[in-house]
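Working notes, beginning with the structure itself.
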Amino acid sequence: MASNSKNDNFFEKVYEVARQIPYGKVTSYGAIAVYLGAARSARMVGWAMNNSHHQTNEIPAHRVVNRKGILTGKHHFDGTNLMQQLLENEGIEVVENQIQNFEKVFWNPSKELL
DNA sequence: ACCATGACGTTTC
DNA sequence: CGAAACGCCATGG
Numbered sequence: 001m002a003s004n005s006k007n008d009n010f011f012e013k014v015y016e017v018a019r020q021i022p023y024g025k026v027t028s029y030g031a032i033a034v035y036l037g038a039a040r041s042a043r044m045v046g047w048a049m050n051n052s053h054h055q056t057n058e059i060p061a062h063r064v065v066n067r068k069g070i071l072t073g074k075h076h077f078d079g080t081n082l083m084q085q086l087l088e089n090e091g092i093e094v095v096e097n098q099i100q101n102f103e104k105v106f107w108n109p110s111k112e113l114l
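For what it's worth, UniProt numbering labels the leading residue of the first sequence as 1, then goes sequentially.
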């Protein structure tokens, strides 16, 4: 297990940003990584999401996709289309695991959030 | 210390 | 656009 430091600031920050994603919006792992100052650790953001399962908080990981707007992580959700269903429920168009109008629903923490 | 894996991203072909 | 290679970084064996 990770170093049980007092707090895994990195992971917690990822969760914090993910929770702040507005309804009907999505963001990318890289955007979060950049916001956290770890632009080259986009993969670590994904790792944090993976850990989000054992977080007591409900992390809207379905709102976090890759740079192309593809639901790369849908495979980690329950079932196979849960992630897509959640996004469509928020008014986001998803076709073939890819978000439509991605740039319109894209929420950049480094820009929107300050 | 080394190698393999991964919910990524960019570059190149 | 798609596939492959490379880069990047943390975790596990």
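Glycine is no exception: its CB is placed at the ideal position from the N, C-alpha and C atoms.
Own chain residues within Cβ distance below 8 Å of residue i, not counting five before or after
| i | result |
| --- | --- |
| Asn57 | Tyr15 and Arg19 |
| Val17 | Thr27, Ile32, Tyr35, Leu36, Pro109 and Leu113 |
| Leu87 | Val26, His62, Arg63, Leu71, Val94 and Ile99 |
| Leu82 | His62 and Lys74 |
| Ile59 | Tyr15, Ala18, Arg19, Met49 and Ser52 |
Other residues of its chain near residue i: CB distance less than 6 Å, five sequence neighbours each side excluded
| i | result |
| --- | --- |
| Leu36 | Lys13 |
| Ala39 | Ala33 |
| Phe102 | Gly69 |
| Arg67 | Ser28 and Gly30 |
| Ser41 | Ala33 |
Selection from the options that minimises the alpha carbon distance to residue i
| i | options | result |
| --- | --- | --- |
| Ser52 | Glu88, Phe77 and Val34 | Phe77 |
| Thr80 | Glu96, Glu90 and Gly69 | Glu96 |
| Val64 | Leu114, Gln55 and Gln98 | Gln98 |
| Asp8 | His75, Gly73 and Gln55 | Gln55 |
Nearest-angstrom Cβ-Cβ length linking residue i and residue j, presumed shorter than 8 Å
| i | j | result |
| --- | --- | --- |
| Ala33 | Val45 | 5 Å |
| Leu71 | Gln84 | 6 Å |
Same chain only: Cβ atoms within 7 Å of residue i, ignoring 5 sequence neighbours per side
| i | result |
| --- | --- |
| Phe11 | Ala48 and Asn51 |
| residue 119 | In the structure as shown, the chain starts at 1 and stops at 114, and residue 119 therefore has no counterpart that could be examined. |
Contact between the segment 19-29 and the segment 103-111 (3+ Cβ pairs under 8 Å): With the cut-off at 8 Å, the segment 19-29 and the segment 103-111 touch.
Segments of 4+ residues assigned as alpha helix (DSSP H) that fall wholly inside the segment 11-97: Within the segment 11-97, the complete alpha helix (DSSP H) runs of at least 4 residues are 29-36, 42-51 and 82-89.
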